[in-house]
Structure formats: C-alpha cells, structure tokens
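Q:
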Amino acid sequence: MLSCWRLTPTLCLSTRHRSGFYCRTASVQSPVNGDQNNNGEEKKKKIAIVGSGWAGLGAAHHLCKQGFDVKVVDDGNGFGSPDDVCIQGFWYPYQNIFSFVDELGIEPFTDWMKSVLYSEGGLEVEFPIFQDLPQLPTPLGTLFYTQFNRVPLVDRLTSLALMAAVIDFDNTDVAWKNYDSITARELFKQFGCSERLYRDVIGPLLQVGLFAPAEQCSAAATLGILYYFILAHQKNFDLVWCRGTLNEKIFEPWMDLMRTRDCEFLDGRKVTDFVLNEETGCISEVVCGKEKYNADAVILAVGISTLQELVKNSASLCTQEEFLKVLNLSCIGVISVKLRFDKKVNIPNASNACSGFSDSFAWTFFDLNQIYDEHKDDPVTVLQADFYHANELLPLKDEQVIAKVMSCLSKCIKEFDTATVTDKQIRRFPKSLTHYFPGSYKYMMRGSTSFPNLFMAGDWITTRHGSWSQEKSFVTGLEAANRVVDYLEDGSFAKIIPVEEDEAHIETFRNLNRRFNEIREQVPLSNYFLQ
1 MLSCWRLTPT LCLSTRHRSG FYCRTASVQS PVNGDQNNNG EEKKKKIAIV GSGWAGLGAA
61 HHLCKQGFDV KVVDDGNGFG SPDDVCIQGF WYPYQNIFSF VDELGIEPFT DWMKSVLYSE
121 GGLEVEFPIF QDLPQLPTPL GTLFYTQFNR VPLVDRLTSL ALMAAVIDFD NTDVAWKNYD
181 SITARELFKQ FGCSERLYRD VIGPLLQVGL FAPAEQCSAA ATLGILYYFI LAHQKNFDLV
241 WCRGTLNEKI FEPWMDLMRT RDCEFLDGRK VTDFVLNEET GCISEVVCGK EKYNADAVIL
301 AVGISTLQEL VKNSASLCTQ EEFLKVLNLS CIGVISVKLR FDKKVNIPNA SNACSGFSDS
361 FAWTFFDLNQ IYDEHKDDPV TVLQADFYHA NELLPLKDEQ VIAKVMSCLS KCIKEFDTAT
421 VTDKQIRRFP KSLTHYFPGS YKYMMRGSTS FPNLFMAGDW ITTRHGSWSQ EKSFVTGLEA
481 ANRVVDYLED GSFAKIIPVE EDEAHIETFR NLNRRFNEIR EQVPLSNYFL Q
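If you're matching positions, the sequence shown starts at 1 in the UniProt record's numbering and goes up one per residue.
1. Grab me the residues of residue 243's own chain with a C-beta within less than 7 Å of its C-beta, minus the 5 sequence neighbours each way, in chain order.
2. Which residue or residues does DSSP assign as beta-bridge partners of residue 456?
3. I think residue 72 touches residue 49, with their Cβ atoms under 8 Å apart; what is that distance to the nearest whole Å?
4. Under 8 Å, do residue 336 and residue 400 count as touching if we go by C-beta distance?
5. By Cβ distance below 7 Å, which residues in the same chain neighbour residue 417 in space, the five residues on each side in sequence not counted?
6. Can you check DSSP and say which residues form a bridge with residue 183?
7. Cβ of residue 151 within 8 Å of Cβ of residue 226?
8. Enumerate in chain order the residues of its own chain whose CB-to-CB distance from residue 380 is below 7 Å, with the five nearest sequence positions on each side excluded.
9. Nearest-angstrom Cα distance between residue 229 and residue 522?
10. So, does the segment 50-69 touch the segment 296-313, judging by three or more C-beta pairs under 8 Å?
11. Below 8 Å, can you find three or more Cβ-Cβ pairs linking the segment 444-457 to the segment 193-208?
12. Quick one: residues in its chain with C-beta nearer than 6 Å to the C-beta of residue 55, no 5 flanking neighbours on either side, listed in chain order?
13. Secondary structure at residue 347, three-state DSSP: helix, strand or coil?
14. Leaving out five residues before and five after residue 28 in sequence, what residues of the same chain have Cβ atoms less than 6 Å from its Cβ?
15. Just to confirm, is the Cβ distance from residue 219 to residue 180 under 8 Å?
16. Would you mind listing the beta strand (DSSP E) stretches within the segment 72-155 that are 3+ residues and don't spill past its ends, in chain order?
17. Does DSSP put residue 331 in a helix, a strand or coil?
18. If we ignore side chains and look at the alpha-carbon of each, how far apart do residue 496 and residue 96 end up?
19. Quick check on the burial criterion: 16 or more other C-beta atoms within 10 angstroms. Buried or exposed for residue 480?
20. Of all the options 105, 116, 422, 62, which has the alpha carbon lying nearest to the alpha carbon of residue 200?
21. Mapping DSSP to helix, strand and coil, what is residue 417?
22. Can you give me the C-alpha to C-alpha distance between residue 267 and residue 163, rounded to a whole angstrom?
23. Go through its chain and collect everything with a Cβ distance to residue 186's Cβ below 6 Å, but skip five positions before and after it.
24. Taking 8 Å as the threshold (C-beta atoms), are residue 90 and residue 470 in contact?
25. Given residue 146, which residues of its chain have a CB within under 8 Å of its CB, disregarding the five upstream and five downstream residues?
26. How is residue 428 classed by DSSP in three states: helix, strand or coil?
27. Run the CB neighbour count on residue 106, radius 10 Å, all protein chains shown included, and call it buried at 16 or more, exposed below.
28. State whether the segment 308-327 contacts the segment 167-174, with contact taken as three or more CB pairs (one from each stretch) at a distance under 8 Å.
29. Which stretch, first to last residue, makes up the alpha helix (DSSP H) that contains residue 471?
30. Quickly, what does DSSP pair residue 364 with across the bridge? List them, please.
31. Would you list, in sequence order, the uninterrupted alpha helix (DSSP H) runs of no fewer than 4 residues that lie entirely inside the segment 199-256?
32. Should residue 146 be counted as a contact of the ligand HEM given a C-beta to heavy atom distance under 7 Å?
33. Quick one: is residue 529 buried, meaning 16 or more other Cβ sit within 10 Å of its Cβ, or exposed?
34. Given residue 468, which residues of its chain have a CB within under 8 Å of its CB, disregarding the five upstream and five downstream residues?
35. Mind checking which residues open and close the alpha helix (DSSP H) that includes residue 516?
36. Nearest to residue 261 by alpha carbon, out of 367, 352, 63, 307?
Here it is in structure tokens:
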C-alpha cells in the first residue's frame, strides 16, 4: 500500500506579492527517496498533479502503481475537468482508453452507434458502422459507404485531391509548421473542393470536430483530425458513447480505485503558484492560496485558460518564455443544454451533428434515452444539445437559450414543434475547448518544460503519438508519467499503444513524398520563395 502525504499545510510567507497571492523562493531541496522518516522507513517521492481529467488521472494512475506518493489537485473547476464539458464520443482508434477501461473491469460504453449530420436543409449525411462492412483501401471505404443524401457524386469526388495534402502531412514538426499558417478554408480551396461539399459537409464536420468555423481553424489541425478520425482507416470513424456522465461511469470508480492505493485527491483547492528551488531550478512546492505542499515532480494537466490564469498570477511561471507564449492561445466557449419533454419524440439516431443554422456556431444533440442507462425506460424524451463556439449564446437568459435550442431542433425533427420542455439543465463553459487557430502551433507547449521536474499533459500539448481529443489527453498523461519516472529514475514506464500504422499504399506515397521533398531542398533557391 502507498502512503498519502502526511503534511500540515503552512502559510506561504513572502516579501513578494503578486496578484493577491504570496510566494517565496526555496533554498533547500525537497526530500527524495533515500531519506528516512522518524521510524527509519524510506520516504516516498511526492508527485503533485494539477488537473483531474483524462490526462491528470492517467498520470496519477500509473504513478500510484509505481509506489509514488501522489496528490491530485483539481484545477479549480471540479474533478473531471477539463474533460467533462460536454458529451464526447469514443472513436475506434482510442485503443489506449479502451485497453485501460478493460483493465479497470468496468463496462461504461454503448455498442457501436451510427451517427448523422444535419444542415439547415435537412439530413445531409448518414455514417454507417464501418467495421461491419467489407474493408476498402482508404479513402474509398469512407466515400463509398457513407450515405450522402443531398450532395451529388461529382461534388464528393472533388475531395479526392485533398489526399495529396493528407499524404504530405505526416504529423512531424515540419509538417505542422508548413500547414499551420493557413486556414482550413484556404486548404480546401487550394485543393479544388466544391463549394457545396465544403458548405454542407466538410465545413460542418470541422465545426463539430475543431469547435470553430473552418476559416478560423488551422489547416494543420484540420489535416490531423481528418486523418485520425476519418481517413487513416475505414473503421476509424466508428464510435461508442459513455452510458452516463463521464464522472459517474468512469472517473468516480477510477478515483475510488486510486484511493485504495492511497492517492489523495484535494478538492476545493486551486493552485496559485509554485515555489522554485534556486539551486536546482526545480519546483519544490505547490502553492494553493495560503497552503503549500512539497513535491519532487509536478504535472500540469489543465486546459489552456486555466494555465493562462496561473501564468498571470505565478511569480515562477511568468519568468519562462514557453509559459508566456501560452498567453497568445485562445479557447472556445460551450453551452450544454439538457432537456426533458412532455412526450416521446421519435429521434432516429442517438448521435446527431448539426451545422449551417448559424455562421458562427455548430452543435450536436444526443438522444439520452438511447445512450444513458438512467433514461432507457423514461416514457418521455430526454436529450442533450451542446453548442460549440457559442460565445454569442453564453450571456443569454435560460429562456432565450431554450428558445434557440427548440428552434434548431425543430428544423431537424419536425415533431419537436409540438413538444414542450418540462425540465432543463443549462451549463455554460466559457473558454473551455482548445482553439486551433492558424498560427497557434508555435505557442503550444511540449511535454517537458524548462523546469526539470515540471511536465505538461492535455489534449493541446504537442505530441508525436498522432491521437486527438480524449485519447490524446490520456496518452499525454501517460507520457508525463513516463517523464516523471525517467527524471526520478524510479519505477517502470507506462505502456502506450501507438496509433495503427498507415495502410500500405499511404505509407508508400508518404515515402515517395519525403524523398521528393529531400531532392527539392537540394535545388538552388528552392527555399527562396515563400512556401
């Protein structure tokens, strides 16, 4: 069994005041394994993890198993943050999450489910369960099996030219820098995408996937998610849903398990600064207002807006360029609306993505009677609608939000015209989701920092694994845990399942493309003109 930290929080006395919080510089290094307590027993190395979503809990889980003394501090938004903002699917390539859930011995997911895309004109696209169909070389399976109800074949074929960019974008640092400076809209225009396909299918899918209009999204991020979720393999777009809230079905039993290993969860404490050991350049203490806790290693697994607030208030972080650059990043607001109606409305599909109802926001709605266990037998319809890039909706009164939701729902399913809302739950999440705007890549952080014992994790942290969204959060959490193990030279590394290899023809084309680029770079003046 692991031991919790038996520390008494002390006042952080300082002669320096910054934004209402006090901090001081340590002159003595924190104890590490090898030191002994009063009973002659070896002290365990202390790990502080800030953030309790997939990244933070993933890191904590592995480090607990390695015998470290782990504390998890929520990021000020409650446990589960930053991953409990809205309903998110679990796609086929989330193999690290699926493997981990199997290890926990829980069954939180639905069966594989179909999904659809609505525009203001009606039902646009129906996505089947791709793994149940004969597998075709990418991207043929996606084009052939997806049912396009309104977009003509000639428009759909204009998407094939984009495969040249998909092949060129290999998730390397060079590829990100090459494509990050242009917008997704410019990318599709450059490769000859038809106006109708872009307007009715590709644009809406991007607004749901990257949470912002295509003209505000980085082309590099666009290629990354398109390949990972849709184009790498035919079955990648298949997805399941959590049969209840993420906290209820996964995070709470997960945290209960870690408590049995003496992992301690500090609720209601907000990290405000760090104490720096001047001799080693390491973080020696985590400051939570007037309390502080010793740490031999620290993992920050928080969202961008939370880190930005911390940087502004931290005397330690604001001295480092990599953290100051984070202030250039931006986040996207979300509003989540759960509704109960007075009758049962026939919703053909549980998962529905929608766009075209506004120039600025996209939204999804989910039939919770088909997804959540608690609503399976409800005699009336219960659904949840999540609106992304919803800054214009956040300040509205609840009644105005409900009116907007009902207007949008009625355009998709006419039966909602005669349905009445009997109960509602509205949650507002300003600055909650990562905005991959053009040029944002150079401000994103890596997993390691200029502080030798401070590491980063989260869905916005740069990694070469290739995953996205919740899977990326979990993977970067494991990567951060491995960096702690490596830094402290204690414990074993977490096993991280790599993304599935490229299909043979894609790998062949990528090798040829790399060779062509190598030859082109040797040509005189090849880099003279703006690329």
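All C-beta atoms in this analysis are idealised placements derived from N, C-alpha and C, irrespective of residue type, glycine included.
A: If we stick to the structure as given:
1. The sequence position of residue 243 within the sequence shown is 243, counting from 1. Within the same chain, 108, 109, 110, 249, 371, 372, 373 come within 7 Å of residue 243 by CB-CB distance, once the 5 residues on both sides are set aside.
2. For the purposes of this step, residue 456 is taken as residue 456 along the sequence shown, with counting starting at 1. For residue 456, which the question treats as bridged, DSSP gives the partners 300.
3. Within the sequence shown, the letter at position 72 stands for residue 72. Within the sequence shown, the letter at position 49 stands for residue 49. Cβ atoms of residue 72 and residue 49 come within 8 Å of each other, at about 5 Å.
4. Taking the first residue of the sequence shown as 1, we reach residue 336 at position 336. Taking the first residue of the sequence shown as 1, we reach residue 400 at position 400. Not a contact, by the Cβ cut-off of 8 Å.
5. To locate residue 417, count along the sequence shown from 1; it is residue 417. Excluding residues within five positions, the ones whose Cβ falls inside 7 Å are 410.
6. Along the sequence shown, one-based indexing puts residue 183 at 183. Paired residue(s): 218.
7. Residue 151 sits at position 151 when you count from the first residue of the sequence shown. Residue 226 sits at position 226 when you count from the first residue of the sequence shown. In this structure, residue 226 does not lie closer than 8 Å to residue 151 by Cβ.
8. Numbered from its first residue, the sequence shown carries residue 380 at position 380. Taken in chain order, the residues that qualify are 340, 341, 342, 343, 344.
9. The residue you call residue 229 lines up with position 229 of the sequence shown. The residue you call residue 522 lines up with position 522 of the sequence shown. The alpha-carbon atoms of residue 229 and residue 522 are separated by roughly 35 Å.
10. yes
11. no
12. Position 55 of the sequence shown holds residue 55. Answer for residue 55: 301, 457, 458, 473, 476, 477, listed in chain order.
13. Residue 347 sits at position 347 when you count from the first residue of the sequence shown. DSSP places residue 347 in coil when its eight states are reduced to three.
14. As a first step, residue 28 is located in the sequence shown; it is residue number 28 there, counting from the start. At residue 28, the pLDDT of 32 sits below 50, so the modelled position is not reliable; the number obtained from the coordinates is stated separately. For residue 28, where only same-chain residues beyond five positions count, there are no Cβ hits under 6 Å.
15. Translated into the one-based positions of the sequence shown, residue 219 becomes position 219. Translated into the one-based positions of the sequence shown, residue 180 becomes position 180. Against a cut-off of 8 Å, the Cβ pair of residue 180 and residue 219 comes out as a contact.
16. Correct list: 115-119, 122-127.
17. By 1-based counting over the sequence shown, the position of residue 331 is 331. In the structure shown, residue 331 sits in a strand (DSSP, three-state: E or B).
18. Along the sequence shown, read from residue 1 onward, the residue named residue 496 stands at position 496. Along the sequence shown, read from residue 1 onward, the residue named residue 96 stands at position 96. Cα to Cα, residue 496 sits roughly 7 Å from residue 96.
19. Taking the sequence shown and counting its residues from 1, one reaches residue 480 at position 480. Per the 10 Å Cβ criterion, buried.
20. Looking up residue 200 in the sequence shown gives position 200. The residue with the shortest Cα to Cα distance from residue 200 is 116.
21. The sequence position of residue 417 within the sequence shown is 417, counting from 1. Under the three-state reduction of DSSP output, residue 417 falls in the helix class.
22. For the purposes of this step, residue 267 is identified with residue 267 of the sequence shown, where counting begins at 1. For the purposes of this step, residue 163 is identified with residue 163 of the sequence shown, where counting begins at 1. Going from the Cα of residue 267 to the Cα of residue 163 covers about 47 Å.
23. Taking the first residue of the sequence shown as position 1, residue 186 is located at position 186. None.
24. Numbered from 1 along the sequence shown, position 470 holds the residue referred to as residue 470. Numbered from 1 along the sequence shown, position 90 holds the residue referred to as residue 90. A contact, by the Cβ cut-off of 8 Å.
25. Against the sequence shown, residue 146 aligns to sequence position 146. Excluding positions up to five away in sequence, the list reads 125, 126, 127, 128.
26. Residue 428 sits at position 428 when you count from the first residue of the sequence shown. Assignment of residue 428 by DSSP, reduced to helix, strand and coil, places it in the strand class.
27. Counting from one through the sequence shown, the residue named residue 106 turns up at place 106. Looking at its Cβ environment, which holds fewer than 16 other Cβ atoms inside 10 Å, residue 106 is exposed.
28. no
29. Along the sequence shown, one-based indexing puts residue 471 at 471. Residues 469-488.
30. To locate residue 364, count along the sequence shown from 1; it is residue 364. 353, 386, per the DSSP bridge assignment.
31. 203-209, 219-226
32. Ligands are entirely absent from the displayed structure, and the ligand HEM is therefore not among its contents.
33. Position 529 of the sequence shown, counted from the start, is the residue given in the question as residue 529. Flag for residue 529 reads exposed.
34. Stepping through the sequence shown from its first residue, residue 468 is reached at position 468. Closer than 8 Å at Cβ, skipping near neighbours: 224, 225, 228, 229, 459.
35. Within the sequence shown, residue 516 is the residue found at index 516, counting from 1. First-last of the alpha helix (DSSP H) with residue 516: 504-521.
36. Working through the sequence shown from its first residue, we reach residue 261 at position 261. Answer by Cα proximity: 63.
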